[in-house]
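At position 21 of the sequence shown (counting the first as 1) the number is 20 in numbering that gives the first Met the number 0, and the numbers step up by one without a gap.
Each residue gets a CB set at the ideal place from its N, CA and C atoms; glycine is no exception.
Bear in mind the structure is a predicted one, so any value in this text is a computation, not a measurement.
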Amino acid sequence: MPYQVNHIYLDPSYLPLNWNVKSTDQKTVVGYRQGTLVDFGAHRVISGLVKLVDQNNSPLMPGYAVRINGQQDGMVGYDGEVFIPNLLKQNRLEVDLLDHGSCQVDFTYNSNQYSTKKLGPYVCH
């Protein structure tokens with residue numbers, strides 16, 4: 000309807016897995032016989048699984064808290080795998096090993112790698 004607020008919704012379940020949106024609903028007012036461009040802040044994300052091992056090449060135990068690139072928190076899962084929701088060119092993971100101190104891993108991600116992003120194993124020092 001012209002000159003009235005229109006509510007526009009985007010169902011993110013229809014987006015490809017490597018895309019994310021900042022907002023799923025927008026409001027806009029359009030004049031008679033006019034169109035508009037609605038920006039949902041869609042952007043491509045590159046995520047992946049990183050396998051972490053200790054100095055003995057054994058996977059880290061599940062349940063340890065992980066600080067991802069100094070911002071996001073994650074968790075070590077089974078087989079020492081950590082999900083990284085937004086891989087950067089240079090990445091740093093800091094793992095809290097509880098009573099055993101902490102360790103960290105620095106690694107480079109090459110965006111030319113295949114779409115299945117299983118990285119590692121990386122030794123946590």
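What does DSSP give as the partner residue(s) for C123 in the beta ladder?
Position 124 of the sequence shown, counted from the start, is the residue given in the question as residue 123. C123 is not bridged to any residue.
Are L48 and L59 close, meaning C-beta to C-beta below 8 Å?
Within the sequence shown, numbered from 1, the residue matching residue 48 stands at position 49. Within the sequence shown, numbered from 1, the residue matching residue 59 stands at position 60. No.
How close, in whole Å, do the beta carbons of V81 and G69 come, if the pair is a contact with beta carbons under 8 Å?
Within the sequence shown, numbered from 1, the residue matching residue 81 stands at position 82. Within the sequence shown, numbered from 1, the residue matching residue 69 stands at position 70. Not quite, the Cβ-Cβ distance comes to about 15 Å (not below 8 Å), so this is no contact.
Please work out which residues of its chain come closer than 6 Å, Cβ to Cβ, to Q103, disregarding the five sequence neighbours upstream and downstream, and give them in chain order.
Counting from one through the sequence shown, the residue named residue 103 turns up at place 104. Only E93 meet the Cβ criterion.
Beta strand (DSSP E) containing S101: first to last residue?
The residue labelled residue 101 in the question sits at position 102 within the sequence shown. Residues S101 to T107.
When burial is assigned at 16 or more other CB atoms within 10 Å of the CB, is N178 buried or exposed?
As displayed, the chain neither begins before 0 nor continues past 124, which places residue 178 out of reach and without an answer.
So V44 packs on W18, CB below 8 Å; how close in whole Å?
As a position in the sequence shown, residue 44 is number 45, starting the count at 1. As a position in the sequence shown, residue 18 is number 19, starting the count at 1. Confirmed, about 7 Å.
Which residue comes first and which comes last in the beta strand (DSSP E) that contains R66?
The residue you call residue 66 lines up with position 67 of the sequence shown. A64 to I67 is the span of the beta strand (DSSP E), which, as asked, contains R66.
In chain order, what residues of the same chain have a beta carbon less than 8 Å from the beta carbon of K26, not counting five sequence neighbours either side?
Along the sequence shown, one-based indexing puts residue 26 at 27. Cβ neighbours of K26 beyond the five flanking positions: V4, N5, H6 and I7.
Which residues mark the beginning and the end of the beta strand (DSSP E) in which L16 is found?
Within the sequence shown, residue 16 is the residue found at index 17, counting from 1. No beta strand (DSSP E) contains L16, which DSSP labels as neither H nor E.
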